[in-house]
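I have placed the structure first, in the form of structure tokens, so that the comments after it can refer back to it.
Chains as they are written, first to last, in my numbering: chain A, 51 to 160; chain B, 128 to 242.
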């Protein structure tokens, strides 16, 4: 089975802190994705990566950056966390148009 | 721009009743279509997908969906709902962009199952 893991299930940070969310997949997938999920808005794509060191902006990249130094790992970075970044963050990897999701990280920014 | 619409924010059905969750998309060509389910506190699990061929697709947990090109719809159905089906359901469409394939999600339908 494909496994996508995220480093934390719950995270609480303060405004202005730098936040790292880590995602690891074990199936050698080329493509990886970061979404945020908010009630009534579904999932919105923040960034995605189709290869090591390659990245593309999604629909809502402002306030975020990403890093993909190794194929299996895709990190989401909040350079200076703000309260409006309180959300559920979901990572996914894909093969043949099917995406496999991690369990999510619920981030609260105080 | 592509969009996916799930017109029902919340649906309540009794256990054993039939279920239909609606999904409409706006897209220039035949898309790849997906239904995902999310149980509380969990990630998303793929229920079924449509790429081409037979427009009625079978998925896991007894779910099926029918692609209707004329209506730009991909509705999810189940003939008899179980209490464990209570969850949030998301319809999604693949968008081709660059070298990766992006999913565009609907806003979700929350399903409540009454005993």
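For each residue, glycine too, the CB sits at the ideal point set by N, CA and C.
If I'm right that residue i touches residue j with Cβ under 8 angstroms, what's the distance once you round it to whole angstroms?
{"i": "residue 62 of chain A", "j": "residue 84 of chain A", "result": "Residue 62 of chain A to residue 84 of chain A, Cβ: 19 angstroms. No contact."}
Roughly how many angstroms lie between the CA atoms of residue i and residue j, to the nearest whole one?
{"i": "residue 71 of chain A", "j": "residue 197 of chain B", "result": "42 angstroms"}
{"i": "residue 145 of chain B", "j": "residue 129 of chain B", "result": "30 angstroms"}
{"i": "residue 130 of chain A", "j": "residue 158 of chain A", "result": "13 angstroms"}
{"i": "residue 69 of chain A", "j": "residue 163 of chain B", "result": "28 angstroms"}
{"i": "residue 139 of chain A", "j": "residue 159 of chain B", "result": "24 angstroms"}
{"i": "residue 75 of chain A", "j": "residue 102 of chain A", "result": "13 angstroms"}
{"i": "residue 38 of chain A", "j": "residue 153 of chain A", "result": "Because chain A spans 51 through 160 in this model, residue 38 of chain A falls outside it and cannot be assessed."}
{"i": "residue 117 of chain B", "j": "residue 173 of chain B", "result": "Given that chain B is displayed from residue 128 to residue 242, the structure contains no residue 117 of chain B and the question cannot be resolved."}
{"i": "residue 203 of chain B", "j": "residue 235 of chain B", "result": "12 angstroms"}
{"i": "residue 150 of chain B", "j": "residue 137 of chain A", "result": "25 angstroms"}
Provide the residue(s) that pair with residue i in DSSP beta bridges, ordered along the chain.
{"i": "residue 157 of chain A", "result": "A:61 and A:137"}
Strictly below 7 angstroms CB to CB, what residues from chain A border residue i?
{"i": "residue 201 of chain B", "result": "Correct list: empty, because the minimum Cβ distance to chain A is about 15 angstroms."}
{"i": "residue 159 of chain B", "result": "147"}
{"i": "residue 235 of chain B", "result": "92"}
{"i": "residue 232 of chain B", "result": "92 and 93"}
So which residues on chain B does residue i lean against when the C-beta distance must stay under 9 angstroms?
{"i": "residue 157 of chain A", "result": "The contacting residues do not exist; residue 157 of chain A stays about 14 angstroms from chain B at best."}
Along chain B, in chain order, which residues have C-beta atoms closer than 7 angstroms to that of residue i?
{"i": "residue 151 of chain A", "result": "170 and 171"}
{"i": "residue 154 of chain A", "result": "170"}
Give the interface partners of residue i over in chain A, defined as CB-CB distance under 9 angstroms, in chain order.
{"i": "residue 176 of chain B", "result": "147 and 148"}
For a contact defined as C-beta to C-beta under 8 angstroms, what are the partners of residue i on chain B?
{"i": "residue 140 of chain A", "result": "170 and 171"}
Could you work out which residues of chain A lie near residue i, taking near to mean beta carbons separated by less than 8 angstroms?
{"i": "residue 217 of chain B", "result": "92 and 93"}
*Residues of the region 81-94 of chain A with Cβ closer than 7 angstroms to any Cβ of chain B, in chain order*: 81, 90, 91, 92 and 93
*Of the residues that make up the region 102-132 of chain A, which ones have a beta carbon closer than 9 angstroms to any beta carbon in chain B?*
104, 106, 108 and 109
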